[in-house]
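FYI, in this note's numbering the residues of the sequence shown are 29 to 405. Even glycine gets a Cβ: it sits at the ideal position worked out from N, Cα and C. Quick caveat: nothing in here was measured; it's all calculated off a predicted structure. Below is one structure, written out as structure tokens; the observations come after it.
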Amino acid sequence: SSALIAGMIIGQLGGGLLGDWLGRHMAMAVVMSLQVAAAFWSAWVGLLGVSESFASCRFLLGVGCGGVYPIAATISAESCTTSSENRGKLVALTFSMQGVGYLTMNLVAYALVSVLGEESDLAWRLLLGFGSLPGLALIGIRLYFRRAYDEVNGDALLKDGLIQHQHEKKQPKRVRLAPTSLLQQIQSEPHLFRKILGTALCWLLFDVLFYGNALFQPVVLSSAFGSAETILTTVRDSTIISIMALPGYFVSVAMLGKQSPKRIQLQGFLVMAVLYAIIGFRFSALSSKRLELLTLYGLTFFFSNYGPNTTTFMLPSITFSRPCRSTLNGICAASGKVGALFGSIVFLPLAQWLGNDKVMLACAVVSLVAAAMTMFL
29 SSALIAGMII GQLGGGLLGD WLGRHMAMAV VMSLQVAAAF WSAWVGLLGV
79 SESFASCRFL LGVGCGGVYP IAATISAESC TTSSENRGKL VALTFSMQGV
129 GYLTMNLVAY ALVSVLGEES DLAWRLLLGF GSLPGLALIG IRLYFRRAYD
179 EVNGDALLKD GLIQHQHEKK QPKRVRLAPT SLLQQIQSEP HLFRKILGTA
229 LCWLLFDVLF YGNALFQPVV LSSAFGSAET ILTTVRDSTI ISIMALPGYF
279 VSVAMLGKQS PKRIQLQGFL VMAVLYAIIG FRFSALSSKR LELLTLYGLT
329 FFFSNYGPNT TTFMLPSITF SRPCRSTLNG ICAASGKVGA LFGSIVFLPL
379 AQWLGNDKVM LACAVVSLVA AAMTMFL
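As structure tokens, this is what we get:
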């Protein structure tokens, strides 16, 4: 997992730069092709005399997946010209496909293991290879329905946390992208550095929580359902969490326009802080209350999706001006994965040292810090 996250950091930085340099369409084709090739390669590791390490495959997959982050968000924000409210909804709807992907992955894994058996080498190879199919479909669709995604207005779509409706009246114009000095852009645009710092650090803190908390999924599920004795039961338990988390994505989409992205992010962090605190203070007691523990833990994922998981992806794409929108989106996304790498490395040793309850309380504190930072966006 560390190789995958490291690859995503590089991919997000590189993909963001490519999006502003090559153009959104060409950059998406490059990173998506890499993602498809790496997913297909992962399925063939060890066969036909191939000696490549699995970690190198996952690293390249991370580079491809990471590159998609800033480009997909930017394309979504720039593709909608009807209203600024719909721009935010489109970006959030694009991100919601992550939840659909998580659930689909678990369902496919369950089906493969059920049919082929837990000892089957073919099962995990097919699962990894299946990851290349969405990318192949997207490449085909984009080639068939090729459009001028770069024909949009050049102003930021969101300023100081509020979607700007005056941009709706501006007509899109064709812009030829060229490399832009990021330093010059920061100097010329008021408060840009504050916006970069705020969006990047909020994303970093959230991913510390999200990826660190995911490491405790086996602990929580074993308390709720008992130890997972087979791969099939592990996949079943993961599917349950995915189902509980999925509605949060679509609640975010529905609430945009009624609530600002900043408010959705703030309330998400605050509710997560409360949930983590409850789990932390009552961890021992909750071990014997399976339904309550599973509900609380599932709600942390629901309110992360109806909250910072969606908004940290969305805000950079509608906050920054067009000349450096993709690049800055990539920087913010990469900072999030730095937090993910930190959480995945630190949380388990910390739990062994202080206990699971203390780690959950630490998550509550991090959530409060992130909520405070959201106030200054």
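Comparing C-alpha positions only, which one of Asp-48, Gln-63, Gly-47, Ser-372 sits nearest to Val-236?
Comparing Cα-Cα distances from Val-236 to each of Asp-48, Gln-63, Gly-47, Ser-372, the minimum goes to Ser-372.
Would DSSP call Leu-50 helix, strand or coil?
Leu-50 falls in the coil class under three-state DSSP.
Closest to Leu-164 by C-alpha separation, out of Pro-246, Met-60, Ala-228, would be which residue?
When each option's Cα is compared against that of Leu-164, the closest is Met-60.
C-beta atoms of Ser-345 and Ala-105 nearer than 8 Å
The answer is yes: Cβ separation under 8 Å.
Out of Leu-284, Ser-124, Met-56, which has the shortest C-alpha to C-alpha gap to Phe-330?
When the alpha-carbon of Phe-330 is set against those of Leu-284, Ser-124, Met-56, the nearest one is in Ser-124.
Can you name the start and end residues of the alpha helix (DSSP H) that Arg-348 belongs to?
Residue identity check: residue 348 is Phe in the sequence provided, not Arg. Phe-348 -> no alpha helix (DSSP H), and no H or E assigned at all.
Could you tell me which of Phe-87, Leu-232, Ala-100, Thr-102 sits nearest to Ser-395, measuring between CA atoms?
Scanning Phe-87, Leu-232, Ala-100, Thr-102 for the CA closest to the CA of Ser-395 turns up Leu-232.
How many angstroms separate the CA atom of Leu-382 from the CA atom of Leu-161?
About 43 Å.
With DSSP as the reference, identify every bridge partner of Leu-284, one or two as the case may be.
According to DSSP, which records beta bridges pairwise, Leu-284 is partnered with Gln-287.
In terms of alpha-carbon separation, which member of Asp-385, Arg-353, Phe-375, Pro-377 lies closest to Gly-44?
Measuring from the Cα of Gly-44, the nearest candidate turns out to be Arg-353.
Under a Cβ-count criterion, where at least 16 other Cβ atoms within 10 Å of its own Cβ denotes burial, should Leu-369 be classed as buried or exposed?
Leu-369 is buried by the Cβ-count criterion.
Simplified DSSP assignment, three categories, for Leu-405:
DSSP places Leu-405 in coil when its eight states are reduced to three.
Taking the CB atoms as reference points, tell me whether Gly-129 and Ala-71 lie closer together than 8 Å.
Not in contact: Gly-129 and Ala-71 (Cβ atoms no closer than 8 Å).
Quick one: Cα of Gly-358 to Cα of Thr-102, how far?
Near 10 Å, if we compare the C-alpha coordinates of Thr-102 and Gly-358.
Put Pro-275 into one of helix, strand or coil per three-state DSSP.
Of the three classes helix, strand and coil, the one that applies to Pro-275 here is helix, per DSSP.
Within 8 Å, do at least three Cβ pairs link the region 255-273 to the region 133-147?
Under the Cβ criterion (8 Å, minimum of three pairs), the region 133-147 counts as touching the region 255-273.
So, is Arg-222 buried or exposed, given that buried needs 16 or more other C-beta atoms within 10 angstroms?
Exposure of Arg-222 is indicated by the presence of fewer than 16 other C-beta atoms within 10 angstroms of its C-beta.
Work out the CA separation of Gln-126 and Thr-339 for me, nearest whole Å.
For Thr-339 and Gln-126, the gap between their C-alpha atoms comes out near 13 Å.
Taking just the CA atoms, how far does Leu-327 sit from Ser-312?
Each residue's CA atom was taken as its position, placing Ser-312 and Leu-327 some 19 Å apart.
Segment limits, alpha helix (DSSP H) that includes Tyr-239:
For Tyr-239, the uninterrupted alpha helix (DSSP H) run begins and ends at 220-242, by DSSP.
Can you give me the C-alpha to C-alpha distance between Glu-146 and Asp-265, rounded to a whole angstrom?
When the Cα atoms are used, Glu-146 and Asp-265 turn out to be separated by approximately 16 Å.
Three-state secondary structure assigned by DSSP to Ser-354:
Helix, per DSSP.
According to DSSP, is Arg-153 helix, strand or coil?
Helix, per DSSP.
Would you mind sorting Ala-400 into buried or exposed? The rule is 16 or more other CB atoms within 10 Å of its CB.
When all chains shown are included, Ala-400 counts as exposed.
At what residues does the alpha helix (DSSP H) containing Glu-106 begin and finish?
Note, Glu-106: alpha helix (DSSP H), 82-107.
Straight-line gap, Ile-33 to Leu-150 (C-alpha atoms, nearest Å):
Leu-150 has its alpha-carbon roughly 25 Å from the corresponding atom of Ile-33.
How big is the Cα-Cα spacing for Ile-307 and Asp-385?
Rounded to the nearest angstrom, the two C-alpha atoms are 7 Å apart.
Is the distance from the Cβ of Val-263 to the Cβ of Tyr-138 below 8 Å?
With a cutoff of 8 Å on beta-carbon distance, Val-263 and Tyr-138 are scored as near each other.
Rounded to the nearest angstrom, how far is the Cβ of Gly-35 from that of Gly-94, given a contact under 8 Å?
Their Cβ separation, rounded to whole angstroms, is 6 Å, which keeps Gly-35 and Gly-94 in contact under 8 Å.
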